[in-house]
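Step one of this worksheet: look at the structure below.
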Amino acid sequence: MSELSRRTFVIASSALVLGCAACESHADPVTDAKPIDLGEVKDFDKDGVFDKFAKTKKVLIVRDNGKLYAISSICTHKSCGIKPEAVTGGGLKCPCHGSSFSSLGEVKKGPAKQSLMHLAISINDQKHVIVDPSKRFDKEHWNDTAAVVHIA
Ligand code: FES
15 MSELSRRTFV IASSALVLGC AACESHADPV TDAKPIDLGE VKDFDKDGVF DKFAKTKKVL
75 IVRDNGKLYA ISSICTHKSC GIKPEAVTGG GLKCPCHGSS FSSLGEVKKG PAKQSLMHLA
135 ISINDQKHVI VDPSKRFDKE HWNDTAAVVH IA
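With the working numbering applied, the sequence shown corresponds to residues 15 to 166, in that order.
Structure representation (structure tokens):
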């Protein structure tokens, strides 16, 4: 290995080590979040988007054909807050730069390129909906066991 490429390797390796150290010192507020209780499952009694917790907890609850999903309300473009579209049958819209998503979070119109992240969801013994924002699922895993609750 030449001196120049050895030096390049050492600098690159140091940057990786320092980069990891920096990651640990800046805690991710989403992955560090604790599970949250969003109330009784009967409060989500019909298909549609429930945005009651969009501002405070950054979570949208979507009921769709007997399934309940928790979806991050943080836009994948530049992290603005997503809102349900006002039109009937509409999905979700970002007010910042106009991205729109299906009600389950698939990108319908950019500039966002990535679908919204789904969050872990479960029902506890008291029939309350529990969302764990520290566990996130990309589109390929939206129907994983921990990412969806089947309700009658
Ligand atoms: S932050 Fe949502 S479209 Fe830009």
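Heads up, the beta-carbon is just placed ideally off N, CA and C, and yes, glycines get one too. No experiment lies behind these values; they were computed from the predicted model shown.
For a test of the three-state rule: what should DSSP assign to residue 155, helix, strand or coil? helix
Out of curiosity, what's the CA-to-CA distance linking residue 116 and residue 62? 11 Å
Pull the bridge partners of residue 54 from the DSSP assignment, please. 142
I need the straight-line Cα distance from residue 163 to residue 86, nearest angstrom please. 16 Å
Taking 8 Å as the cut-off, decide whether the C-beta atoms of residue 97 and residue 134 are in contact. no
Pick out whichever of 64, 155, 82, 136 has its Cα sitting closest to the Cα of residue 106. 64
Regarding residue 92 and the ligand FES, is the C-beta to nearest heavy atom distance less than 7 Å? yes
On the premise that residue 51 lies in contact with residue 144, defined as a C-beta separation below 8 Å, what is that separation, rounded to the nearest angstrom? 6 Å
Nearest neighbour of residue 150, chosen from 72, 57, 53, 94 [CA to CA]: 72
Measure the C-alpha to C-alpha separation of residue 57 and residue 138 and round it to an integer number of angstroms. 14 Å
Taking the C-alpha atoms as reference points, what is the distance between residue 60 and residue 156? 20 Å
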